[in-house]
Each structure stands twice: as C-alpha cells, then as structure tokens.
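See below for the structure under consideration.
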Amino acid sequence: SAGSFLYQRADTEPRIPASNEKLLLSMALLDSLGPGRRIVTHAATASLQGGVIQGNLWILGRGDPEITAARMAALARHLVAAGVQKIRGRVMGSTGYFGHDWWARGWKRHRTRLYVAPPTALTFQGNVVNGRFTREPEAFAARSLTKQLERRGVAVVGRAGAGEPPEGLADVATIRSRPLRSILAAMDRPSDNFFAEVLAKLLGAKSAGLPGTIAKGAAAIREWVAGHGIDFSLYDGSGLSYANRVTTRGIVQLLWVADASTWGPVLRQALATGGQGTLENRLHGVKVRAKTGSLDGVSALSGWVWLDKEEAWTEFSILSRGMPKWIASSIEDGIVRTLADNAG
Numbered sequence: 001s002a003g004s005f006l007y008q009r010a011d012t013e014p015r016i017p018a019s020n021e022k023l024l025l026s027m028a029l030l031d032s033l034g035p036g037r038r039i040v041t042h043a044a045t046a047s048l049q050g051g052v053i054q055g056n057l058w059i060l061g062r063g064d065p066e067i068t069a070a071r072m073a074a075l076a077r078h079l080v081a082a083g084v085q086k087i088r089g090r091v092m093g094s095t096g097y098f099g100h101d102w103w104a105r106g107w108k109r110h111r112t113r114l115y116v117a118p119p120t121a122l123t124f125q126g127n128v129v130n131g132r133f134t135r136e137p138e139a140f141a142a143r144s145l146t147k148q149l150e151r152r153g154v155a156v157v158g159r160a161g162a163g164e165p166p167e168g169l170a171d172v173a174t175i176r177s178r179p180l181r182s183i184l185a186a187m188d189r190p191s192d193n194f195f196a197e198v199l200a201k202l203l204g205a206k207s208a209g210l211p212g213t214i215a216k217g218a219a220a221i222r223e224w225v226a227g228h229g230i231d232f233s234l235y236d237g238s239g240l241s242y243a244n245r246v247t248t249r250g251i252v253q254l255l256w257v258a259d260a261s262t263w264g265p266v267l268r269q270a271l272a273t274g275g276q277g278t279l280e281n282r283l284h285g286v287k288v289r290a291k292t293g294s295l296d297g298v299s300a301l302s303g304w305v306w307l308d309k310e311e312a313w314t315e316f317s318i319l320s321r322g323m324p325k326w327i328a329s330s331i332e333d334g335i336v337r338t339l340a341d342n343a344g
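The numbers in the working numbering rise by one with no breaks, and the one at position 237 of the sequence shown is 237.
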C-alpha cells in the first residue's frame, strides 16, 4: 500500500535496472496512451480512380511491433474490399516515421545488437528474415503485401520497395493492432527487447515529435518518471543499456503511482506470474506479478506479491549486482516467498 515501507536496504543507491526498464516504459505508455489504444497501420495513395492506383501504394507503419504476413493478408483483403483492382506503380514500405537508429548509450559494441532487432515504425515478422535481423523490414512488408494482393487478383505493375513517403497521401485501407494492454503482456512476460524499443520510439515520437528515436523514447520515459518527483538516468526502452540507473525506492514509489491509477491492474496483468514467461522456472504457487531483469552481473525483480495475511498486494523491488544469476534469482525468490507467507 502507498506510503509505508516494510523493509529497505540501500534503497536510494543508483543501480542498473536491466529489463526492469520495461516496467517503467509500460507505465509511461499506459498513462500516455491508455490500455485500449490500438496502433493503426495505413495503406495510402495519392491517386485512386475507378479501382486503379495510378502511382504507388504506401504502407505507413506507426509503431505496431506485431505486423506479420497474416496482417498483410488482412490489409490486402481490406484493399480489395475498398475496390482496388490494379496498382500501376509499386507497393512501398514507408520509412521516416521512426529513425533507423539502432544504438543507445551504454549498449555494448558487437554484443547488445545480438539481443534486439532494428526497431522501425513499419515492422515485419519481428524484423527477422530467415533467422537474421533485417535493416529493411519495410521492403519485406511491401513484398508480402504485393504477394497477398496478387493472390487476390490485383495486378501490381512495379516491384515492391521502401522509402520516404511523399506528402498528400489519402488512406485506402487500414489495419489496427491489438490493444496496448495485450501488446504490453507480449512484451513484459517474455521480456521482448524489440517490442520495447519499437514502443519506446512510439512514445518518443508522441512526446518530442518525428522521427521517433531510441533517445527520444528514453527521454520520454525519464520525463514521465520525473513528473512523479523521481530522478532516474535512462538511455533506452528495453533496459539493455549498462548506463541506465534507477533506485529500488523510486521503482516502489512508481508502483504506488500505478496502484493509484486506473491502469494499475492492467500493468499488473501484463507482468509474468510464477511459472510464466521469464518466471517460467521460478516462484511456482506464489501469487506474484513481476518483471525480471538480467545483464552480465546484474539481476532485478520488481512488481507485486500477494500478502496472504493482509489479503492485499504489496510492491517490492530487488536490484543486485556482482553475483551469478542463479544465486541472485534464488535470493529474489526467497524474499518474495517470505513476503507472501509472513509479511503483514
């Protein structure tokens, strides 16, 4: 419950949050956009007459991290339903809404990028093609939509491509993402770095204007946290940065903010429980909702645990460094189990 601490130790000491950063990103997104927000991907052109698009058809991505071939098939169906029969130009995947930046302060050279695909505004299959990260998902999305349109009898004259879209485009069809609450569960439970950096760029674009970048996203999270009187140093959305610094006291205070907000239960629901996601082999049988974190020599676990004696959720945050992960995890789990059984 807000305002009182059961126990604290070194709770104002700056620590690396690792993927506990995603907890902060989730809060800022829920507060800024709302749990029901859906991200819209547009198919637009400058010239549709009598079923014929004279120039190019543009796919305008806006930060939906879950675009797949199946979603492109849905977009193709909507385009056919809108009367499109022929495209004289090309299907083009749009760039520019987000920067193509793929770097943050505190990321380790040659290593960090192994853990996160390039975050773009128009994504496709997690920006992984044939098992490798791609820097041109926009072109792959355009190829996929071209194929789906041709399958439905639409003639496409030009070859699929990617680039900056021109001004003056009008929507022909759209597809919408799942609600934010569902996307956050898909990000937080398995701790998906790609989702985090895409959604952080979306937050950054809304907060500081286009193009959305990793730095703008981190600044937007930092500003949201500062709005609650807490000063953290944050440089990315996923928590891969070794330069990020938070405190356990600050995290617990932000969990109190969540508790006092309409979206608090949505955040709790988005986090892994014992035996699920990144807690797959941990905390079985404990009523817990928490975000894990893991970097070299860094471990984190923050969230809520149900106090049986109190019949209420309580907030906790544990950040450690300098010990093997298995030891850190067993200490974290021991603390959470002790809280669940005895606190109150």
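For each residue, glycine too, the CB sits at the ideal point set by N, CA and C. As the structure is a prediction and not an experimental result, all values here were calculated from the model.
Measuring only the C-alpha atoms, how far is G99 from L255? 31 Å
Can you look up H78 in the DSSP assignment and give me helix, strand or coil? The three-state reading of DSSP puts H78 in helix, counting H, G and I together.
G217, enclosing alpha helix (DSSP H) - first and last residue: 214–226
Quick one: give me the first and last residue of the alpha helix (DSSP H) that I251 is part of. 248–259
Opposite S302 in the DSSP bridges: which residues? Per DSSP, K291, S317.
S425 in three-state terms, based on DSSP: The first residue shown for the chain is 1 and the last is 344, placing residue 425 beyond what the model contains.
For P324, is the classification buried or exposed, using 16 other Cβ atoms within 10 angstroms of its Cβ as the cut-off for buried? By the Cβ-count criterion, P324 is exposed, with fewer than 16 other Cβ atoms from all chains shown falling within 10 Å of its own Cβ.
Specify the secondary structure class of T174 as computed by DSSP and reduced to three states. strand
Check whether the stretch 144–152 touches the stretch 70–85, counting contact only when three or more Cβ pairs, one atom from each stretch, lie closer than 8 Å. yes
For G34 and A46, which I take to be in contact (beta-carbon distance under 8 Å), what is that distance rounded to the nearest angstrom? Their Cβ separation, rounded to whole angstroms, is 32 Å, which puts G34 and A46 out of contact at 8 Å.
Roughly how far, in whole angstroms, is the beta-carbon of S238 from the beta-carbon of E21, given that I think they are within contact range, below 8 Å? 6 Å
Going by the DSSP bridge assignment, what does A155 pair with across the sheet? K86
With the cut-off set at 7 Å, would you say A173 and A43 are in Cβ contact? yes
Between R9, S32, A185, Y242, which lies nearest to R356 when the distance is taken from Cα to Cα? This structure gives no information on residue 356, because the portion of the chain shown stretches from 1 to 344.
Taking 8 Å as the threshold, find out whether the stretch 121–133 comes into contact with the stretch 58–67 through three or more Cβ pairs. yes
Measuring CB to CB, does L25 end up less than 7 Å from I327? no
For W326, the three-state DSSP class (helix, strand or coil): helix
Less than 7 Å between the beta carbons of V198 and P17, yes or no? no
Would you kindly work out how many angstroms separate the C-alpha atoms of E280 and D188, rounded to a whole number? So the alpha carbons of these two residues sit roughly 13 Å apart.
Can you tell me the Cα-Cα spacing of Q276 and Q49, whole angstroms? 51 Å
Considering only C-alpha positions, which residue in the set G36, S19, V305, A28 is nearest to G227? A28
To the nearest angstrom, how far is it from the Cα of V80 to the Cα of L169? 18 Å
Let me know the secondary structure DSSP gives T45 once reduced to three states. strand
Cut-off 6 Å between Cβ atoms - residues of its own chain near P190, not counting five sequence neighbours on either side: G277
Taking the alpha helix (DSSP H) that I183 belongs to, which residues open and close that run? 180–188
Counted within 10 angstroms of its Cβ, other Cβ atoms place G51 as buried (16 or more) or exposed: exposed
Give me the Cα-Cα distance between L319 and P179, rounded to the nearest whole angstrom. So the two alpha carbons sit approximately 31 Å from each other.
Provide the residue(s) that pair with R245 in DSSP beta bridges, ordered along the chain. S233
Own chain partners of T213 with C-beta closer than 8 Å, once the 5 adjacent residues on each side are dropped: F98, G99, D101, K201, G204
Return the residue from the list G217, G285, K291 that minimises the CA-CA distance to I251. The option with the nearest alpha carbon to I251 is K291.
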